[in-house]
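One structure below.
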Amino acid sequence: MTEEQITDLKKLALAVRENIVRLSTDGGCFTGASLSCTDLLVYLYSHYLNVNPSNLEDPNRDYLFLSKGHDVPALYSLFAELGFIEPLRLANHLQANDHIYWHPNTHIPGVEFHSGSLGHLPAVAMGVAMDCRIKKQSNKIVVITGDGELNEGSVWESALVAAAYKLDNLIWIVDRNYFQANVATEELIPLDPIHKKFEAFGWNAIDVDGHDFNAMHDTFTSINTNGKPSVIIAHTVRGKGLPSIEKRADRWFCNFTHEEVNALLHELHENKLAELNSETLVVR
Amino acid sequence: MNYEELISEIALADERYIIMTAENRALIRNIPKNPALADRFIDTGITEQTMIGMAAGLALRGRVPIVHALAAFLTMRAYEFIRTDVGIGHLPVKLTGFIPGFLSDGNGPTHQAIEDVSIMRGIPGMQVFAPADEEDMILMLPEIWDSSSPAYTRANLIKPLVAHDKNFRIGKAEVIAEGSTITFLTYGMLFNNVFQAKQVLESQGLSVGLVNMRSLKPVDEEAIIRAVKQSELVVVVEDHFTTGGLYSIVAEVLLKNQLTANVQPLSLTEQWFRPARLSEVLEYEGFTYEKIAARALGILESTASKIQL
């Protein structure tokens, strides 16, 4: 990618992060989890996926399934920037007059399937991938799961079946931020080596820095469709962009005061740490 | 006393208790920090089915596992494990479902446990409880956990409006008031709103009864029969699908006793509720106390006119 393209992606990612921070009040949202997959979503929708507000009905479009549905602030914040939804709709967060709530739903243009219950969408994506293959279409089918989500047994059933059916049009991204709701993943149910686990299940497995646009571009554009599904383990940082909440088990779900939101918006731009006193919440 | 204090006290006094969670620590966040309980705290990660299977194995060895997860994932994702491992084995595994019913507020349909009463009571031997508020829950749980049956409890941290009858017995409802015009049968987090709706209707001169149906299975058949015999209209208020919840329970009890009556539901029919902040959910779905009062009055008037026709 050119320097200019990288600069544009960084600008877009910053705008998305600003939107996420603004959603983290008056009821709050899954701020930490959303910030970890922001750069991934920004890259995928800008340079990799053939999907945009004008081709959402086209059966030849690419599909993205957000299985870690609590990252929806990142998705909607990006959708607002890319014209999928009217940016003003983000202000309807958690109001009964709209459908902007804590998990994705298909009232929002661009959301391919509802999610929120973990470990569902790898299988749903496999159904779509299977039909695309039967119809000899060349769509890319992408599904994003969390790393904590890999606790669920259903994800490993999907991994077995996708390999058995050689679904090489399926790309599974693991947002590897090393945290699940309340704790660090390796302190509870250790997941490493994820790479070797998927390889043993018959997948192509590739590790990438999920905040490095050049690295992501190199990785995604060189995915081998060799009769195996592919998993991209995207190494990310929970809370990325806001050092005051980065890599913290207790800043998964955040409900900040308006003053804290303003301070965090400054922190995004100036790297001046925000002073945070809001109680940390355990919602899962 | 809160839930965490209660569970600590009970588990410290009785080694049979094991505290488990599928990474839902909201009710028990400090338990792992207590060295006296650390080896009886098991977090299986986000694995509801495996947690239930393990709980069954622990119960086989004489333990009483108290297991925690969001109500939707606990009762539905692990359903077959609960029915097969805990239900067929009739093992004393105690399920605590977090954010049941409207309490999942802004999460969306994936997280809405509004069929939990229906599916849990469908398991032979499984007891089902729905306390009216935090105080009601704390006074109910010791007996629930002490029983030899499997049990499912809807967790409820709503602050109490009324002082509850401390003599909780499994299978007994709490009759708050008797009334000749309308009697409300309700449970769980809607109790406070129904209590306030009752006050609104009383201020308009109506005689209004209210029963806290805290034990849904076994259910207090006598309390149901007394309510329909005393009142012109019985309104069942629940944050649950109309199918399979308290409205169905009441219908089953009445039919079994060869009774019919004017019993109407305020519940969710064939639809998930609109996700939003809790206050907005209640407003949108018609379950604020003002709306409960107005809807009950509307039912009273429309059903009365039918009788005149």
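Going down the list, the protein sequences come from chains C and B.
Every letter in the first sequence is one number past the one before it in the working numbering, and letter 92, counting from 1, is 92.
Every letter in the second sequence is one number past the one before it in the working numbering, and letter 94, counting from 1, is 378.
Cβ atoms here follow ideal geometry from the backbone N, Cα and C, with glycine treated the same way.
Just so we're clear, the structure is a prediction, and the values are computed from it rather than from any experiment.
Looking at Arg595 of chain B: is its Cβ nearer than 8 Å to the Cβ of Leu550 of chain B? The requested residue 595 of chain B is not part of the displayed model; chain B covers only 285 to 593.
According to the neighbour-count rule (16 or more other Cβ atoms, all chains shown, within 10 Å of its Cβ), is Asn285 of chain C buried or exposed? The question about residue 285 of chain C has no answer, for chain C in this structure spans 1 to 284.
Selected residue, minimal CA-CA separation from Ser278 of chain C, among C:Phe253, C:His266, C:Leu265: Closest in alpha carbon position to Ser278 of chain C, among C:Phe253, C:His266, C:Leu265, is C:Phe253.
Please classify Leu593 of chain B: is it buried, with 16 or more other beta-carbons within 10 angstroms of its beta-carbon, or exposed? Only weak support exists for where Leu593 of chain B lies, its pLDDT of 44 falling under 50; the coordinates are left without a value.
In angstroms with no decimal places, state the Cα-to-Cα distance between Phe576 of chain B and Lys501 of chain B. One detail in the question is off: residue 576 of chain B reads as Ile in this sequence, not Phe. Cα to Cα, the separation comes out at about 25 Å.
Return yes when the Cβ of Pro109 of chain C is within less than 8 Å of the Cβ of Glu84 of chain C, no when it is not. The question names Glu, but residue 84 of chain C in the sequence shown is Phe. Yes, Cβ-Cβ distance for Phe84 of chain C and Pro109 of chain C is below 8 Å.
Within 10 Å of its beta-carbon, does Gln555 of chain B have 16 or more other beta-carbons around it, so buried, or fewer, so exposed? exposed
Going by DSSP, what residues sit across from Thr145 of chain C in a beta bridge? DSSP, once it has assigned bridges, lists C:Val174 as partnering Thr145 of chain C.
In the DSSP assignment, find the alpha helix (DSSP H) that holds Ala162 of chain C and state where it starts and stops. 153–164
For Asp417 of chain B and Asn440 of chain B, which I take to be in contact (beta-carbon distance under 8 Å), what is that distance rounded to the nearest angstrom? 6 Å
Just verifying my parser: in three-state terms, what is the DSSP assignment at Met404 of chain B? helix
Using DSSP with H/G/I as helix, E/B as strand and the rest coil, what is Leu538 of chain B? helix
So the alpha helix (DSSP H) Val21 of chain C belongs to, where does it begin and stop? 3–23
Enumerate, from N- to C-terminal direction, the unbroken alpha helix (DSSP H) stretches of 4 or more residues contained entirely within the region 311–347 of chain B. 332–344
Identify whether Lys501 of chain B lies in helix, strand or coil by the three-state DSSP scheme. Note: Lys501 of chain B maps to strand in three-state DSSP.
How big is the Cα-Cα spacing for Glu574 of chain B and Ile206 of chain C? 57 Å
Is Lys450 of chain B helix, strand or coil by DSSP? coil
Spatial neighbours of Ala263 of chain C within its chain, please: C-beta separation below 6 Å, excluding the five flanking residues on both sides. Ala274
Between the C-alpha atoms of Thr526 of chain B and Glu18 of chain C, what's the straight-line distance to the nearest angstrom? Using only the alpha carbons, I get a separation of about 42 Å.
Rounded separation between Glu332 of chain B and Gly373 of chain B - CA only: Taking the straight line joining both Cα atoms gives about 18 Å.
With Arg498 of chain B and Met424 of chain B assumed to form a contact (beta carbons below 8 Å), what rounded beta-carbon distance in angstroms separates them? Between Met424 of chain B and Arg498 of chain B the Cβ distance is about 6 Å, and since that is below 8 Å, they are a contact.
Residue nearest to Ser67 of chain C in terms of C-alpha spacing, selected from C:Glu112, C:Ala91, C:Asn50, C:Val51: When only C-alpha atoms are compared, the closest one is C:Glu112.
Determine the direct distance from the alpha carbon of Cys29 of chain C to that of Asn255 of chain C, and round the result to whole angstroms. 7 Å
With 8 Å as the threshold, decide whether the Cβ of Ala96 of chain C is near any Cβ in chain B. yes
May I ask which residues mark the beginning and end of the alpha helix (DSSP H) holding Leu445 of chain B? Segment: none, Leu445 of chain B is in no alpha helix (DSSP H) and carries neither H nor E.
Can you find a CB in chain B that lies within less than 8 Å of the CB of Trp102 of chain C? yes
Can you list, in chain order, the residues of its chain whose CB lies under 6 Å from that of Trp429 of chain B, leaving out five sequence neighbours each side? Lys378
Run down chain B in chain order and give the residues with a C-beta less than 8 Å from the C-beta of Ser117 of chain C. Ala356, Phe357, Arg361, Thr394, His395
How would you write the range of the alpha helix (DSSP H) that Met130 of chain C sits in, first residue to last? 121–134
C-beta neighbour in chain B for Gly286 of chain C, strict 8 Å: The question about residue 286 of chain C has no answer, for chain C in this structure spans 1 to 284.
According to DSSP, is Gln592 of chain B part of a helix, a strand, or is it coil? With a pLDDT of 47 at Gln592 of chain B, under the threshold of 50, the modelled position of that residue is not reliable, and the figure given next carries that caveat. Here Gln592 of chain B sits in helix by DSSP.
Using the Cα positions of Lys228 of chain C and Ile194 of chain C, report the straight-line distance between them to the nearest angstrom. Taking the straight line joining both Cα atoms gives about 17 Å.
In this structure, does DSSP put Tyr471 of chain B in helix, strand or coil? coil
Euclidean distance between Cα positions of Leu584 of chain B and Glu505 of chain B: Cα to Cα, Leu584 of chain B sits roughly 24 Å from Glu505 of chain B.
Using the beta-carbon of each residue, which ones in chain E are nearer than 9 Å to Asn177 of chain C? Looking at the structure shown, chain E is missing, and the protein chains on hand are C and B.
Suppose the cutoff is 6 Å on Cβ atoms and the five residues either side in sequence are ignored; what does the same chain contact list for Ile302 of chain B look like? Answer for Ile302 of chain B: Arg324, Leu342, Arg347, Pro349, listed in chain order.
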